[in-house]
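2 protein chains.
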Amino acid sequence: MTASVETSAIVGTPAPHAEIAYEQIKAAIISGALAPGSRVSEQQLAEQLNVSRTPVHQAVVRLQNEEWLEVSSRRGVTIAPLRADEMREIYEVLIGLEGVAVASLASREPAADDEVDLELQDACSRCELALEEKNLRRWAAEDDRFHRLLIERSGNSRLARVAASVMEHAHRARLLTVNLRPWPSASNEDHARILQEISNRDPLRARTALEDHRRRGIATLVPILEAYSPQSGFAFMPIQQR
Amino acid sequence: MTASVETSAIVGTPAPHAEIAYEQIKAAIISGALAPGSRVSEQQLAEQLNVSRTPVHQAVVRLQNEEWLEVSSRRGVTIAPLRADEMREIYEVLIGLEGVAVASLASREPAADDEVDLELQDACSRCELALEEKNLRRWAAEDDRFHRLLIERSGNSRLARVAASVMEHAHRARLLTVNLRPWPSASNEDHARILQEISNRDPLRARTALEDHRRRGIATLVPILEAYSPQSGFAFMPIQQR
DNA sequence: TCCAGCCTACTTCCATGCGAGCTGGTATGC
DNA sequence: GCATACCAGCTCGCATGGAAGTAGGCTGGA
């Protein structure tokens, strides 16, 4: 018959409730709807998501394992706070993982009009465009897209999965601080230099360029995070409570 | 009153069933008791572990997320096969993560009789000892311990957690192939060189040394894995079935 | 002998009931 | 007025029953 647009990977299996709960709760944490340091109960989450407690509990355990929240037995769920030292550690991990990806990209056979090179250039241009339009939120999204593309095009799917999981934490921190940070003017130059070294097929320099870029990123992020109560995290958006 | 020895972290809470199931199943996969590519049902696992199906299901979902197995909806659980290309990817990820750890270790202030340096030297010696005794299984364990120490002493706990999770996959592959591989004579020299560069406080050379070491490791592992059916994985031990 | 269609057995997945334990508030004794 | 002990409410954790869905065998027909 007619083909309808697939909502996710395979249509027909309507996505299990546990998966829905996982995605929704994680999205709420990243966006800040569930504020860092706030407390909720699994029952509240279940009611808001219109599923029973079991799939919510599964999702919560999974999210705890990925360090998005902490569940104290019989005490409730605490959303992970945003701490400067945590972010420092995360950026170090990213340097390692993205470094491998970038070096791998720069180790391919050179080719004129290489498709991957062009794709990366395109993503880089979109960052510049968002910045010219002075749209910081879109810039954050495009910047995230650029970095995700770097690891996805490395050809190592395991690397991509691990890095994507870590990168989401960094993305959350950037989203919640995007209006507090100084104007990211140097970012695009960094990106351009990374791509330059990749198309030069120079793995060492490419990795160094990425490392410098990430270190500048954490250097701007840390003082912002430290300015806010470093223990309990902070909340831009109202905590969901009734 | 009298203090009794704690079994785990905090006594009084006797370790949740979900945690028990997670650890036991993962251990069974790593040891080969649950053979690569084999299929089991959650109910079978629950009966063997003497817990109900709920905590087993939670553990299984978590293990699927860490790529130890795959759960096909309403079809059962499939233990992850051992594939050469998977292992190649895992070793690349390890190069990135351990590289950061080693560089970080080599970036500390130099100090005579540095405690961490000595601890690493000790772990290295234990590898040599196991090799001199021609005890391959113990060598595999000591080698694992050495690499785990490298990341744990890096001072980055997030890095340690991520890397440990990935490293367990490599450890499983080594355990299941330990009797098939050539004698690991060069391994100790590699370790010694890494430690040398760390105590020289030379981050770049230390990272390069580790990279070389890991590349040699995957170069010996891949042909062994490829010699066995690369699609379905392989089974050294009998599959648990009734 | 081969093929097609049905049907049974088995699997994961979800909802709900119950139990154990922690927290915060309140009342009582000093 | 203050400290302490108790109690009620709320929370997670686990077990169990039912529902939905798939795979593979089995039967009937050509």
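Going line by line, the protein sequences match chains Y and W.
Its first residue numbered 7, the first sequence is counted upward by one per residue in the working numbering.
Its first residue numbered 7, the second sequence is counted upward by one per residue in the working numbering.
Idealized CB from N, CA, C, for every residue including glycine.
The segment 165-173 of chain Y in contact with the segment 183-191 of chain Y per 3-pair CB rule at 8 Å: Taking 8 Å as the limit for Cβ pairs, the verdict is that the segment 183-191 of chain Y does not touch the segment 165-173 of chain Y.
7 Å Cβ cut-off: residues of chain Y touching Q64 (chain W): Within the second sequence, numbered from 1, the residue matching residue 64 (chain W) stands at position 58. Per Cβ cutoff of 7 Å: Q64, V67.
Proximal residues, the segment 74-104 of chain Y versus chain W, C-beta separation under 9 Å: If the cut-off is 9 Å between Cβ atoms, the segment 74-104 of chain Y has S79, E92, R94, E95, I96, E98, V99, I101, G102, L103, E104 near chain W.
Beta-carbon neighbours of L165 (chain W), restricted to chain Y and to distances below 8 Å: Stepping through the second sequence from its first residue, residue 165 (chain W) is reached at position 159. Among the residues of chain Y, those whose CB is under 8 Å from the CB of L165 (chain W) are E95, E98, V99, G102, following chain order.
Buried versus exposed call for E139 (chain Y) [16 or more other C-beta atoms within 10 Å across all chains shown]: Looking up residue 139 (chain Y) in the first sequence gives position 133. The residue in question, E139 (chain Y), is exposed, as its Cβ has fewer than 16 Cβ neighbours within 10 Å.
7 Å Cβ shell around V99 (chain W) - same chain, five flanking residues per side excluded: Locating residue 99 (chain W) in the second sequence gives position 93, where the first residue counts as 1. Within the same chain, Cβ atoms closer than 7 Å to the Cβ of V99 (chain W) are found at V172, the five residues on either side in sequence being excluded.
Contact list for V228 (chain W) against chain Y, beta-carbon separation under 8 Å: Reading the second sequence from its first residue, position 222 is the one you call residue 228 (chain W). By Cβ distance, chain Y contributes nothing, its closest Cβ being about 15 Å from V228 (chain W), past 8 Å.
C-beta atoms of I26 (chain Y) and W74 (chain Y) nearer than 8 Å: Translated into positions along the first sequence, residue 26 (chain Y) becomes position 20. Translated into positions along the first sequence, residue 74 (chain Y) becomes position 68. I26 (chain Y) is not a Cβ neighbour of W74 (chain Y), given a cutoff of 8 Å.
Proximity winner among Y:I224, Y:A198, Y:Y97, Y:G102, relative to R132 (chain Y) (alpha-carbon distances): By 1-based counting over the first sequence, the position of residue 132 (chain Y) is 126. The shortest Cα separation from R132 (chain Y) among Y:I224, Y:A198, Y:Y97, Y:G102 belongs to Y:A198.
Buried or exposed by the 16-neighbour rule on C-beta atoms within 10 Å, applied to E158 (chain Y): Taking the first residue of the first sequence as 1, we reach residue 158 (chain Y) at position 152. Counting Cβ neighbours within 10 Å, E158 (chain Y) comes out buried, since at least 16 surround it.
Segment contact, 8 Å Cβ cut-off, at least three pairs: the segment 207-226 of chain W with the segment 107-115 of chain W: The segment 207-226 of chain W, when compared against the segment 107-115 of chain W, does touch it at the 8 Å Cβ threshold.
Near-chain W residues of the segment 183-194 of chain Y - C-beta to any C-beta below 8 Å: None of the residues of the segment 183-194 of chain Y has a beta carbon lying less than 8 Å from any beta carbon of chain W.
Cβ shell of E12 (chain W) (< 6 Å), same chain only, five flanking positions each side left out: Within the second sequence, numbered from 1, the residue matching residue 12 (chain W) stands at position 6. With a pLDDT of only 30 at E12 (chain W), under 50, the local geometry of the prediction cannot be trusted, and no value is derived from it.
CB contact check: V168 (chain Y) to chain W, cutoff 8 Å: Within the first sequence, residue 168 (chain Y) is the residue found at index 162, counting from 1. V168 (chain Y) belongs to the set of residues whose beta carbon lies under 8 Å from a beta carbon in chain W.
The segment 78-85 of chain Y touching the segment 43-52 of chain Y, judged by at least three CB pairs closer than 8 Å: At 8 Å Cβ cutoff, the stretches touch.
C-alpha distance - R143 (chain W) paired with A86 (chain Y), whole-angstrom precision: Against the second sequence, residue 143 (chain W) aligns to sequence position 137. Against the first sequence, residue 86 (chain Y) aligns to sequence position 80. Distance between the alpha carbons of R143 (chain W) and A86 (chain Y) is about 40 Å.
Residues near H63 (chain Y) by beta carbon distance below 8 Å, same chain, minus five either side: Translated into the one-based positions of the first sequence, residue 63 (chain Y) becomes position 57. For H63 (chain Y), the CB contacts under 8 Å within the same chain, skipping 5 residues up- and downstream, are E48 in chain order.
Burial state of E125 (chain Y), where buried means 16 or more other Cβ atoms lie within 10 Å: Looking up residue 125 (chain Y) in the first sequence gives position 119. E125 (chain Y) is classed as exposed because its beta carbon has fewer than 16 other beta carbons within 10 Å across all chains shown.
Interface residues of the segment 46-61 of chain Y facing chain W [CB-CB below 9 Å]: Of all residues in the segment 46-61 of chain Y, the ones placed with a Cβ closer than 9 Å to any Cβ belonging to chain W are T60, in chain order.
Buried or exposed (CB count within 10 angstroms, at least 16 for buried), L210 (chain Y): For this step, residue 210 (chain Y) is matched to residue 204 along the first sequence. By the neighbour-count rule (16 or more Cβ atoms within 10 Å), L210 (chain Y) is not buried but exposed.
Where the alpha helix (DSSP H) through E195 (chain Y) begins and ends: As a first step, residue 195 (chain Y) must be located in the first sequence, where it is residue number 189. For E195 (chain Y), the enclosing alpha helix (DSSP H) has its first and last residue at 191-205.
Buried or exposed (CB count within 10 angstroms, at least 16 for buried), E115 (chain W): Working through the second sequence from its first residue, we reach residue 115 (chain W) at position 109. That one is exposed.
Proximity of Y97 (chain Y) and A21 (chain Y) at Cβ, strictly below 8 Å: The residue you call residue 97 (chain Y) lines up with position 91 of the first sequence. The residue you call residue 21 (chain Y) lines up with position 15 of the first sequence. No.
Short-range partners of chain W found in the segment 104-133 of chain Y, where Cβ spacing is below 7 Å: Under the 7 Å Cβ criterion, the segment 104-133 of chain Y contributes G105, V106.
Within chain W, the residues that N162 (chain Y) reaches when beta carbons sit closer than 8 Å: Start at 1 with the first residue of the first sequence, and residue 162 (chain Y) comes out as number 156. The answer, in chain order, is E95, E98, V99.
Unbroken beta strand (DSSP E) run spanning V83 (chain W), endpoints: Taking the first residue of the second sequence as position 1, residue 83 (chain W) is located at position 77. In the DSSP annotation of this structure, the continuous segment of the beta strand (DSSP E) that includes V83 (chain W) starts and ends at 82-85.
Min CB distance N141 (chain Y) to chain W below 8 Å: Residue numbering aside, residue 141 (chain Y) sits at position 135 when the first sequence is read from its first letter. Contact with chain W is absent for N141 (chain Y), since none of that chain's Cβ atoms lies less than 8 Å from the residue's Cβ.
Ordered list of alpha helix (DSSP H) runs contained in the segment 35-64 of chain Y, each at least 4 residues: Correct list: 48-55.
I101 (chain Y) vs R178 (chain Y) beta-carbon contact at 8 Å: Taking the first sequence and counting its residues from 1, the one referred to as residue 101 (chain Y) is at position 95. Taking the first sequence and counting its residues from 1, the one referred to as residue 178 (chain Y) is at position 172. Contact flag unset, no.
Residue burial classification, P229 (chain W) (beta-carbon count within 10 angstroms, cutoff 16): By 1-based counting over the second sequence, the position of residue 229 (chain W) is 223. Burial call: exposed.
8 Å CB neighbourhood of D208 (chain W) in its chain, flanking five on each side removed: Here residue 208 (chain W) is taken as the residue at index 202 of the second sequence, counted from 1. Counting only Cβ-Cβ distances below 8 Å, and skipping sequence neighbours, we find A112.
Min CB distance N71 (chain W) to chain Y below 8 Å: Locating residue 71 (chain W) in the second sequence gives position 65, where the first residue counts as 1. Cβ-Cβ to chain Y under 8 Å: yes for N71 (chain W).
Closest residue to R222 (chain Y) among Y:N141, Y:A192, Y:E29 (Cα-Cα distance): The sequence position of residue 222 (chain Y) within the first sequence is 216, counting from 1. Of the candidates Y:N141, Y:A192, Y:E29, Y:A192 places its Cα closest to the Cα of R222 (chain Y).
Whole-number beta carbon distance between R68 (chain Y) and R68 (chain W), since they are thought to touch under 8 Å: Taking the first residue of the second sequence as 1, we reach residue 68 (chain W) at position 62. Taking the first residue of the first sequence as 1, we reach residue 68 (chain Y) at position 62. Rounded, the Cβ-Cβ distance is 6 Å, consistent with contact.
Segment limits, beta strand (DSSP E) that includes V77 (chain W): The residue labelled residue 77 (chain W) in the question sits at position 71 within the second sequence. Unbroken beta strand (DSSP E) run through V77 (chain W): 75-78.
Coil, strand or helix - A21 (chain Y) by DSSP: To locate residue 21 (chain Y), count along the first sequence from 1; it is residue 15. For A21 (chain Y), the secondary structure class from DSSP, reduced to helix, strand or coil, is coil.
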